[in-house]
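J.:
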Amino acid sequence: MHFNAYILSNNSFYSLMQSFRVMENDKPRSLQAWLERFKEIDGEAGERVIDNLKDIAPDFARYLIEFPFGDIYTRPGLDLKSREIAVVAALTALGNATLQLKVHIHGALNVGCTRQKVVEVIVQMAVYAGFPAALNGCLQRKRSSKSLMLREKVDLPYTSISFAFISRSTRTQV
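Under the numbering used here, the letters of the sequence shown match residues 107 to 280, in that order.
In structure tokens:
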């Protein structure tokens, strides 16, 4: 009985190793290709992240390119718009990754997602991650639009959600 389990586990391990070899052979191995995909998605915002990490943790900067953009973003099955929308949803739901959320909101817009679609995905997260996380996401989206508008010098249509907050003394809109 133990011998059969060993053979089974050994065969499973062999099959797993074979599938890794196939995946390794199919995967583009060019760091330059990964960097181009990274720049296509995140543009200047992503480059700033990598530049800031070069002096602190250069290996970590490389990992940020190799794993997500070399392994995950190059997988078949999802286009870049779908991947970026998924990342915006996940980072909104986390609620504690506002800088990364800003980068990926820019990334979603860079690959062709509409501003309205980004807002709708963030609002949808209120159901699953709570209103504070969705509120933070909407406010980050608003900040992203302002910085995008300043960088590109374009006039954005009003699509942001206005939230009213009641304080002890006055009522203000953000």
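Cβ coordinates follow ideal geometry from the N, Cα and C atoms, glycine included.
Starting from GLU226 and walking both ways along the alpha helix (DSSP H), at which residues does that stretch end?
T.: For this step, residue 226 is matched to residue 120 along the sequence shown. Taken as a continuous stretch (DSSP letters only), the alpha helix (DSSP H) holding GLU226 covers 221-235.
J.: Taking Cβ to Cβ, would you say CYS219 is nearer than 8 Å to LYS187?
T.: Residue mapping note: residue 219 aligns to position 113 of the sequence shown, counting from 1. Residue mapping note: residue 187 aligns to position 81 of the sequence shown, counting from 1. Yes, they are a contact pair.
J.: Where GLY213 and LEU200 are concerned, what is the direct C-alpha to C-alpha distance, given to the nearest angstrom?
T.: What you label residue 213 is simply residue 107 of the sequence shown in a count that begins at 1. What you label residue 200 is simply residue 94 of the sequence shown in a count that begins at 1. Rounded to whole angstroms, GLY213 to LEU200 spans 18 Å at the Cα level.
J.: Whole-angstrom Cβ separation of VAL194 and VAL224, contact assumed at under 8 Å?
T.: Looking up residue 194 in the sequence shown gives position 88. Looking up residue 224 in the sequence shown gives position 118. Right, their Cβ atoms sit about 6 Å apart.
J.: Evaluate ILE162 with the Cβ neighbour count: other Cβ atoms within 10 Å of its Cβ, from every protein chain shown; 16 or more gives buried, anything less gives exposed.
T.: Start at 1 with the first residue of the sequence shown, and residue 162 comes out as number 56. So ILE162 ends up on the exposed side.
J.: Considering only residues of the same chain and omitting the five flanking positions on each side of GLU226, which have a CB-CB separation below 6 Å?
T.: Within the sequence shown, residue 226 is the residue found at index 120, counting from 1. Nothing listed; no residue qualifies.
J.: In chain order, which continuous runs of the beta strand (DSSP E) of length 3 or greater are located wholly inside the segment 142-170?
T.: Those beta strand (DSSP E) runs which fall completely within the segment 142-170 and span 3+ residues do not exist here.
J.: What whole-angstrom Cβ distance do ASP148 and VAL229 have, given they're in contact under 8 Å?
T.: To locate residue 148, count along the sequence shown from 1; it is residue 42. To locate residue 229, count along the sequence shown from 1; it is residue 123. Going by Cβ atoms, the distance from ASP148 to VAL229 rounds to 23 Å, so no, they are not a contact pair.
J.: Where does the unbroken alpha helix (DSSP H) through VAL193 begin, and where does it stop?
T.: Taking the first residue of the sequence shown as position 1, residue 193 is located at position 87. Element bounds for VAL193: 186-200.
J.: TYR169 and ARG143 - do their beta-carbons sit closer together than 8 Å?
T.: One-based indexing of the sequence shown puts residue 143 at position 37. One-based indexing of the sequence shown puts residue 169 at position 63. No; because the gap between Cβ atoms is not below 8 Å, this pair is not in contact.
J.: Leaving out the 5 sequence neighbours to the left and right, which residues in its chain are closer than 8 Å to ILE171 when beta-carbon positions are compared?
T.: As a first step, residue 171 is located in the sequence shown; it is residue number 65 there, counting from the start. So the list reads LEU137, TRP140, LEU141, PHE144 and ILE156, once near-sequence residues are dropped.
J.: For PHE166, which residues from the same chain have a beta carbon less than 8 Å from its beta carbon, with the 5 sequence-adjacent residues on both sides left out?
T.: Here the question's residue 166 lines up with position 60 in the sequence shown. Here the set comprises LEU159.
J.: Roughly how many angstroms lie between the CA atoms of VAL128 and ALA151, to the nearest whole one?
T.: Taking the sequence shown and counting its residues from 1, the one referred to as residue 128 is at position 22. Taking the sequence shown and counting its residues from 1, the one referred to as residue 151 is at position 45. For VAL128, the predicted structure reports a pLDDT of 46, less than 50, and the residue's modelled location is therefore unreliable. The matter cannot be settled from this model.
J.: Can you give the beta carbon distance from MET239 to THR198, rounded, assuming they're within the 8 Å contact cut?
T.: Working through the sequence shown from its first residue, we reach residue 239 at position 133. Working through the sequence shown from its first residue, we reach residue 198 at position 92. According to the sequence shown, residue 239 is Ala rather than Met. That pair is a contact at about 6 Å.
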